[in-house]
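Enquirer: Residue numbers (the working numbering): 9 to 272.
#1: With a threshold of 8 Å, are at least 3 pairs of Cβ atoms found where one atom belongs to the stretch 256-263 and the other to the stretch 215-228?
#2: Reducing DSSP to helix, strand and coil, say where residue 65 ends up.
#3: Using the Cβ count rule (16 or more neighbours within 10 Å means buried), how would you classify residue 12?
#4: What do you get for residue 40, buried or exposed, if any count of 16 or more other CB atoms within 10 angstroms of its CB means buried?
#5: Tell me whether residue 185 sits in a helix, a strand or coil according to DSSP, three-state version.
#6: Have a look at the DSSP bridge pairing and note the partners of residue 148.
#7: Mapping DSSP to helix, strand and coil, what is residue 191?
#8: Considering just the uninterrupted stretch of the beta strand (DSSP E) at residue 84, what are its terminal residues?
#9: Could you give the DSSP three-state label for residue 158: helix, strand or coil?
#10: On the DSSP letters alone, give me the boundaries of the alpha helix (DSSP H) that residue 177 sits inside.
#11: Could you tell me whether the stretch 118-131 touches the stretch 203-215, using the rule of 3 or more Cβ pairs below 8 Å?
#12: Pull the bridge partners of residue 45 from the DSSP assignment, please.
#13: Give a yes or no on whether the C-beta atoms belonging to residue 130 and residue 102 are separated by under 8 Å.
#14: Across which residues does DSSP place residue 113 in a beta bridge pair?
#15: So, does the stretch 194-204 touch the stretch 220-236, judging by three or more C-beta pairs under 8 Å?
#16: Inspect the beta-carbon positions of residue 43 and residue 69 and report whether they are closer than 8 Å.
#17: DSSP state of residue 257, grouped into three classes?
#18: Buried or exposed for residue 261, please, with buried defined as at least 16 other CB atoms from any protein chain shown within 10 angstroms of its CB.
#19: Please classify residue 268 as buried or exposed, where buried requires at least 16 neighbouring CB atoms within 10 angstroms.
#20: Contact check, residue 52 vs residue 65 under 8 Å by CB: the rounded distance?
#21: For my contact list, residue 85 and residue 104 are in at a C-beta cut-off of 8 Å; report their separation, rounded to the angstrom.
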């Protein structure tokens with residue numbers, strides 16, 4: 009079973025009530041690693057008022073924990089905020105509740121956001137202070153892939169404005185670019201390596217297909233109706249998709265738009 013599938017299965021069971029996670033090594037006589045990943049998500053709460061019950065969704069920070077080796081799902085925590093201090097304290101409390109010893113903890117794995125990797129106040133540094141020794145950092149660099157495009161986008165088009173919008177003329181058209189009609193556009197020559205489509209996500213499929221359409225200078229009618237993905241500053245892949253979608257709807261694209269498309 010993959011880690012993603014294991015997370016899905018175990019989270020459903022955990023949400024139904026406290027449970028003993030099978031395969032969880034609490035004594036940990038050998039070196040082990042703690043891997044985590046977090047995101048904001050909606051949690052359903054039931055409030056009582058005057059003998060009536062009301063359902064409401066509250067956006068919370070959720071952090072899932074995995075024990076390695078074995079890819080064993082430890083559980084998930086909901087820190088009171090997304091600060092590194094609250095995340096660290098919630099992780100430590102969860103491990104303490106499960107009587108998981110940190111004596112042999114050697115590796116901490118997470119993404120490369122500053123909340124985790126800050127050298128003074130990051131989650132890993134706070135865990136190191138808690139255990140009283142340095143830990144091996146195992147950092148996922150997928151977030152770093154977004155940075156070159158993000159910086160060139162902001163350099164050309166201006167800074168971001170809000171959580172899902174941009175201040176520049178190109179960025180302002182990205183929110184509804186999928187509704188624009190496809191026009192006769194100038195093809196751009198590019199070499200794309202052979203890629204196993206089975207390894208790609210939906211957003212990556214879109215990027216590959218629209219890149220091929222721009223190379224050929226022709227966009228199939230059914231593809232024009234596909235969703236390039238939500239616009240979010242945490243998902244620059246979909247921003248790239250939308251830039252390419254805007255290009256095939258521009259009969260006279262600006263030099264800045266061409267530069268962005270060429271970079272992608």
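Quick reminder that beta carbons are idealized off the backbone N, C-alpha and C, glycines included.
Expert: Concretely, from the data shown:
#1: Result yes; three or more Cβ-Cβ pairs closer than 8 Å.
#2: As a working note, residue 65 is residue 57 in the chain shown. Judged by DSSP in its simplified three-state form, residue 65 adopts strand.
#3: By one-based count along the chain shown, residue 12 stands at place 4. Because residue 12 carries a pLDDT of 42, less than 50, the predicted location of this residue cannot be relied on, and no value is offered for it.
#4: Position 32 of the chain shown, counting from 1, holds the residue named residue 40. The residue is buried, with at least 16 neighbouring Cβ atoms inside 10 Å.
#5: Taking the first residue of the chain shown as 1, we reach residue 185 at position 177. Here residue 185 sits in helix by DSSP.
#6: Indexing the chain shown from 1 puts residue 148 at position 140. Looking at the DSSP assignment, residue 148 forms a beta bridge with 119.
#7: In the chain shown, the residue the question calls residue 191 occupies position 183. Residue 191 falls in the coil class under three-state DSSP.
#8: Along the chain shown, one-based indexing puts residue 84 at 76. Here the beta strand (DSSP E) through residue 84 covers 80-85.
#9: Here residue 158 is taken as the residue at index 150 of the chain shown, counted from 1. Helix.
#10: Against the chain shown, residue 177 aligns to sequence position 169. 177-180 is the span of the alpha helix (DSSP H), which, as asked, contains residue 177.
#11: Contact fails: fewer than three Cβ-Cβ distances are below 8 Å.
#12: The sequence position of residue 45 within the chain shown is 37, counting from 1. Bridge partners of residue 45: 72.
#13: Along the chain shown, one-based indexing puts residue 130 at 122. Along the chain shown, one-based indexing puts residue 102 at 94. No, these two residues do not count as a Cβ contact at 8 Å.
#14: Along the chain shown, one-based indexing puts residue 113 at 105. DSSP output for residue 113 lists 40 as bridge partner(s).
#15: yes
#16: Numbered from 1 along the chain shown, position 35 holds the residue referred to as residue 43. Numbered from 1 along the chain shown, position 61 holds the residue referred to as residue 69. It is not a contact, given that the beta carbons lie outside the stated cut-off.
#17: Numbered from its first residue, the chain shown carries residue 257 at position 249. Residue 257: coil per DSSP, three-state reduction.
#18: Numbered from its first residue, the chain shown carries residue 261 at position 253. That one is buried.
#19: Taking the first residue of the chain shown as 1, we reach residue 268 at position 260. Classification for residue 268: buried.
#20: For the purposes of this step, residue 52 is identified with residue 44 of the chain shown, where counting begins at 1. For the purposes of this step, residue 65 is identified with residue 57 of the chain shown, where counting begins at 1. So it is a contact: roughly 6 Å between Cβ atoms.
#21: Indexing the chain shown from 1 puts residue 85 at position 77. Indexing the chain shown from 1 puts residue 104 at position 96. Actually they do not touch by this definition, with Cβ atoms about 12 Å apart.
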